[in-house]
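The block underneath contains the structure these notes are about, expressed in C-alpha cells.
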Amino acid sequence: MTTATAEHLRHSVWTTYVFSTDHKTIAKQYLAQGLFWIVVGGLLAGAMRWQLAWPDTKVPLLGEIGPEVYNMLVTMHGTIMVFFVAMPILLGAFGNFLIPLMIGARDMVFPRLNMLSVWTFALASLVMLASFFVPGGAASAGWTGYPPVSAKPVYTGVTWGINLWILGLALEFASFLMGGVNYLTTAIVLRAPGMTLARVPLVVWQQLTAAALFLLSVGPLIAGAVMLLMDRTLGTGFFSPELGGDPLLWQHLFWFFGHPEVYVVLLPALGFVLEVLPVFSRKPIFGYRWIIGATVVAAALSFIVWAHHMFISGMDPRLAMPFSVTTILISVPFAYLIFAMIATLWRGSIRFDVPMLWALGFLTMFIGGGLTGIFNGSAPADIYLSGTYFIVAHFHYTLFSTVFFGGFAGVYYWFPKMFGRVLHGGLGHAHFWLTLVFFNVTFFPMHHLGLAGMVRRIANPLQYDALVPHQWINVLATYGTLCLLAAQIPFAINILWSWLAGAPAANNPWNATTLEWAAPSPPPHLNWGARVPTVHRGAYEYSVPGEPLDWLSQDSAPPARTETGSPR
Amino acid sequence: MIAHVEIPGLPAGIAPGKVAVWWFLASEIMVFGGLIATYIVFRLGGSGWAEASHHLNVTLATVNTLVLLTSSYTVVQAFVAAERRDARAVRGHLALTILGGFIFLGLKAVEYTTEIRAGFTPGTGIFWSFYYMMTGLHALHVIGGIVVNGAVLATEGVSVRHPHRVELAGLYWHFVDVVWIFLFPLLYLA
Amino acid sequence: MLNWLRWLPENVSTYGADVDAIIALIWYTTVVWLFLTFGAIGLFLVLYRRRAGRPAAYVKGERLGEALWVLVPVAVVLVLDLWLDFSGAPVWAKVKIERPAAALSIQVTGKQFTWEMLYPGPDGRFGTADDRLFLDELHVPVNRAIRVVLRSKDVVHSFFLPNFRLKQDMVPGREIEGWFQATKPGKYELPCAQLCGFGHSGMKAYLYVHPQDEYDRWIREQWS
C-alpha cells in the first residue's frame, strides 16, 4: 500500500477527475489531450493538402493560404503530431495506464509527480495553442527548426511564435522527463511477488526502453533549444557564422535527439502490437528474450546513426559512410522484430477481431516504411532523395503505422479495460478498412512524387515545370487525405457512444494472460482489492499442451509440475 | 511517498527515491554533457577563445570552486547527522550548504556585472555566448539546489526521520558541484 | 505506378547513371523483401485462420533450433544491406569527395529568395573587375566538368539539380564545393531544396547547358 486508505476515502470531484494522482485517470487525461491534438494536427494536414492540390484557391475555414501560412501549417503539423499526439497517447496514456496494472502494482511510485507531469503537459499544450494567436503567427521554420532561418526573426517574420514553440517544447520535455523517471522507477521497485523481469510483458519493456531512450537523448536538444532561444532574444551567435557560430551545430544537436526520438514514438506502439498478436493467434510471442535484446540493441544503436539525416548538410563528406554503416546495422534488430512478429502468426489460431486487424495493419505498413528506409540510409541514393517527397512518404509509412495502426491496436484492445465498455465491432471494422485504404491512397504515390523530384515544404507544386504533369498525384493525395480524415468519424462516434452507453465489458473479454485482465473493467482506485496478485508464470502462456483452456493467466494457480519436475 | 520497498528475490531495500534521482541525473548529465562536448568541439576548431577567456576573473571563480566543494562537504555532514538523528547538526550543516550556494551566486553576480560593464555581453562573441549560457544554466541549477536544500531544511523534522531525503538532496547538490568542476577549467583555465 | 525507377527524371549527368544504379539495386532488393514478407504474412493468415479442433502450436521461439528460422533471414538482411551500402561507397566518393579538374568554376550564392551566379570572367579569378553576376540562371558548356562553389548570404538553402542527381546544402559561413558534367544540352530546373523562409516555394533557377560553340558565343556576348 502506498498511503493510508483513509486518505483515499475523502475524494471530491476535483481530486477524482481533475487533480487526480491515480495513474488510470492521469492516463485518460493524456489520452484526451492527445485526441484533441490529433484533430488539430489532422485539420492542419487537410489544409496543407488542399493548398497543394488546388494552389491559391480558398481553403475551407481558412481562406487563401499564402506561403507564410503554409510554412506554419507544415511546421505545426509535424511538431504537433510527434510531440503532442504520438507521445502523450502512446507513451503518456498507455504507459501510465498499463505499467502499474501489468506489473501488479497499485499505482506509480510517485503519484504526485505523475500528476505534475500531466499538468505540465497541459501547460505545454496551452503555450503551443497560444503560439497560433500571437502577432507574427505560429512557428514556420519546420518541425526541425533549422537556423539561421529559425534563429533570426527577420528571416521568417515570426517573433513570439517560435519563442513560444521553443517554450512549449521545453515544457513538453519536462513533462515526459518526469513521467519517464516515474515509469522506470516504478518498474524496478513495485513489481508484484513473482513478477520477475523475465515475466514482465513486452509492452512494459517497450515503454521502459522508450522512457530511458527519451531521458538520455533529449539533453543535447535542451541545450540546443536554450541556445536557439538565446540567439533569438539575447543576441548570442551560437548558430550565426558572423558571430563565430555554426548552423550545423543545431542540426547535430537536433538529430542526436531526433533519431532516438522516432524510436521513443515507435517502441510503445510496437509494444501494443507485440501484445495483440499473441492474444489473437492464441500463441506465445515468438522469441520473447530475443525481442527484448533486439529492442535494447536498436535503442543503443539509435545514438550513433543521427547524421544520416545530414548526409548533404555540408558536414564533412567522409562522415557519410560511417553513418551509413551504423544505419545499416540498426536495420538488423528491426528485421528481427518484424520476422519474429510474422513467426508468431505461423501455426497460430488466428482471429480477426478489430485490435488484430490494426496490429496486422501496423506490421504490413511498417514493413513498407522500413524498406524505404534502406534507400534513405544509402548515402549516394540520399543525395537525390533527401529533401523530397520520398522522405515524406518514408516517415509517414513508419510514423503513421506507429501512431495510427499501432495506436488504434492499443486503443481497441484496452478500451474495455480502461472504460469498462465494449467498442462497437462494425464501426471498428469500418474505421480500420477505410483508414487502411485511404492511408495508402494518400501516401503511396508520394514515393513517386519524390522520385520525380518534388521537394518538401513548397506551397505550390505548379511553380515547378517538372511537377506540372504530376499534379494529378497531388490531387489524388488530397482526396485521399480528406477521405482519411473522414474515415476517423466512425471512430469518433464509436468512442463517444461506447464510452457513454456501450455494453459493459467483462474483466477479460479477450481471454488474455496478462495481469491487467485479472482486475475489474475498469479497475478501482488502487487497482487490486485486498491483496496484489502473485505471479506464477510468464506473460504468453497460450495453447499450452495438456491444459483445458487455451490460456493461462500470469496469476492463476501455481503451474503443474512437468515430468522433469521443473515449473514453466 | 514510499521510503523503502521489499521485493522478493531482490536485494533488500531499494530506495525508489534514489533510483529516481539517478535517472534524473542521467538526463541532466546529457544536457551538460552535450553542452560541454559542443564547447570543446567549437573551441578546438576556432581561434581567439583563449584571448577572450583572459578577461574572466579566475580568482573569483577559484573562490567559487572552493565554496562549492566546501558546501558539498557540508551536505554530506548533514546526511551523516540525519542518520545520527542529530537535528541541530542537520540544521546547521544544511544552512551552511545553502549559504555556500548563495555565496556562489553572489560572486557569480559580481563577475557578470563586471564583465557586462566592461562591454562583454552574450552577443559580444562566440566565447561569451558559451560562457554566459553554460554558467547561466549552471547557476539556474544552483538556485534549484538551494530550493531543494531549503525544502529539506524547512521540513527538518521529516528529514531527520527519513535521512534518505537529505541523501537525495545531497546527491543532486554533488551533481551541481561536479558540473562546475568541469566548467571551471574549460572556461577559465584553458 | 509499379516501376518506381521510371519516375526518375531524365538523367543528363555523368555520375547520374551511377546514382540511378544504386537506387535500382536497392529497389530490386527491397521489392523482393516486400513480396517475401507480405507473402508469408498473407499465407499464414489464410493457412492458420482459427479452425475448430486445431489449437495453435505452443512455440516460444527461444530455443536456438526455433530461433534460427528467424536469425538466418536476419543474417541475410545484414549481408544484403552491407553489400548495398558498400556498393554505394564509390558512388558517394565520386560525387562528393573526389573532384575532377574543372573547366569552369562558378560561385553560386543563395539568398532569400534568389540564386546569384557569379562568373569569374575571362581572367578566371573571382573578385576582379571582369566578374559578372547573373540572377537565377546558370550557363555551362556540355561535356565539361563544372565546379560550383556554394555559399549563402543568409539562411541554409540547397542546390538541387534533379536531372543531374546532385544536391548540396548551402550553409552561410561556409564555402562548399560541388561538381557536375552535363552529357546533353538543354534547360534544366534548379529548385532550392531546404526550407529557407516564405519564398522557398518557387525559389528556383534554370541551368542552361549549351553545345560548346553556342556557349562560346554566349561568353563573347556577355563579355563584349
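Chains as they are written, first to last, in my numbering: chain C, 207 to 774; chain X, 161 to 350; chain D, -13 to 210.
Cβ atoms here follow ideal geometry from the backbone N, Cα and C, with glycine treated the same way.
Everything numeric in this text was worked out from a predicted model, so none of it was measured.
- Positions of the alpha helix (DSSP H) runs, each at least 4 residues long and wholly inside the segment 461 to 515 of chain C, are given as 494 to 507 in order along the chain.
- Residue 208 of chain X and residue 661 of chain C have their C-alpha atoms spaced approximately 40 Å apart.
- Contact annotation, residue 195 of chain X with residue 348 of chain X: C-beta distance approximately 16 Å; criterion of less than 8 Å not satisfied.
- With fewer than 16 other CB atoms across the displayed protein chains lying within 10 angstroms of its CB, residue 671 of chain C is exposed.
- Look at the beta carbons and you see the segment 600 to 612 of chain C not touching the segment 85 to 99 of chain D: under three pairs across the two are nearer than 8 Å.
- At a cut-off of 9 Å between beta carbons, residue 316 of chain C contacts chain X.
- Our two residues, residue 322 of chain X and residue 432 of chain C, have alpha carbons roughly 36 Å apart in a direct line.
- Counting along the chain, residue 134 of chain D sits inside the beta strand (DSSP E) bounded by residues 131 to 138.
- Closest in alpha carbon position to residue 606 of chain C, among C:491, C:573, C:738, C:383, is C:573.
- With contacts defined as CB atoms closer than 9 Å, residue 548 of chain C and residue 30 of chain D qualify as a contacting pair.
- Ranked by Cα distance from residue 753 of chain C, the first of D:128, D:43, D:102 is D:43.
- Contact holds between the segment 296 to 303 of chain C and the segment 464 to 481 of chain C, because three or more Cβ pairs, one in each stretch, are under 8 Å apart.
- For residue 431 of chain C, the secondary structure class from DSSP, reduced to helix, strand or coil, is helix.
- Per DSSP, the unbroken beta strand (DSSP E) holding residue 91 of chain D starts and ends at 90 to 97.
- At a cut-off of 9 Å between C-beta atoms, residue 665 of chain C counts as an interface residue with respect to chain D.
- Judged by pairs of C-beta atoms under 8 Å, the segment -1 to 9 of chain D touches the segment 569 to 588 of chain C, as three or more such pairs exist.
- Interface residue (Cβ-Cβ distance to chain X less than 9 Å): residue 396 of chain C is classified as such.
- Within the same chain, and ignoring the five residues on either side of residue 430 of chain C in sequence, the residues whose Cβ sits closer than 7 Å to its Cβ are 456, 459, 460.
- For residue 248 of chain C, the CB contacts under 6 Å within the same chain, skipping 5 residues up- and downstream, are 691 in chain order.
- For residue 177 of chain D, the uninterrupted beta strand (DSSP E) segment begins and ends at 172 to 177.
- In the DSSP assignment, residue 167 of chain D falls within the beta strand (DSSP E) that extends over 162 to 167.
- Judged by DSSP in its simplified three-state form, residue 337 of chain X adopts helix.
- The beta carbons of residue 112 of chain D and residue 104 of chain D sit closer together than 9 Å.
- Exclusion of the five residues before and after residue 270 of chain C leaves 264 as the residues of its chain whose Cβ lies within less than 6 Å of its Cβ.
- Taking a beta-carbon distance threshold of 9 Å, residue 654 of chain C counts as an interface residue toward chain D.
- Distance from the Cα of residue 51 of chain D is smallest, within the candidate group C:493, C:359, C:312, C:399, for C:493.
- The segment 239 to 266 of chain C is shown to contain no whole alpha helix (DSSP H) run of 4 or more residues.
- Contact of residue 206 of chain X with chain C by beta-carbon distance below 9 Å involves 450.
- Think of a sphere of 7 Å around the beta carbon of residue 184 of chain X: the chain C residues whose beta carbon falls inside it are 387, in chain order.
- Runs of the beta strand (DSSP E) spanning 3 or more residues and lying entirely within the segment 332 to 414 of chain C do not occur at all.
- Residue 350 of chain C is outside the set of residues whose beta carbon lies under 9 Å from a beta carbon in chain X.
- Among the residues of chain C, none has a CB under 7 Å from the CB of residue 220 of chain X; the nearest is roughly 23 Å distant.
- Proximity of chain C to residue 121 of chain D at the Cβ level (cut-off 8 Å) is not reached, the minimal Cβ distance being about 17 Å.
- Counting only the Cα atoms, residue 418 of chain C lies some 28 Å from residue 53 of chain D.
- In this structure, residue 708 of chain C places its C-beta atom within 9 Å of the C-beta atom of residue 625 of chain C.
- Membership of residue 677 of chain C in the alpha helix (DSSP H) is indicated by the continuous run 677 to 692.
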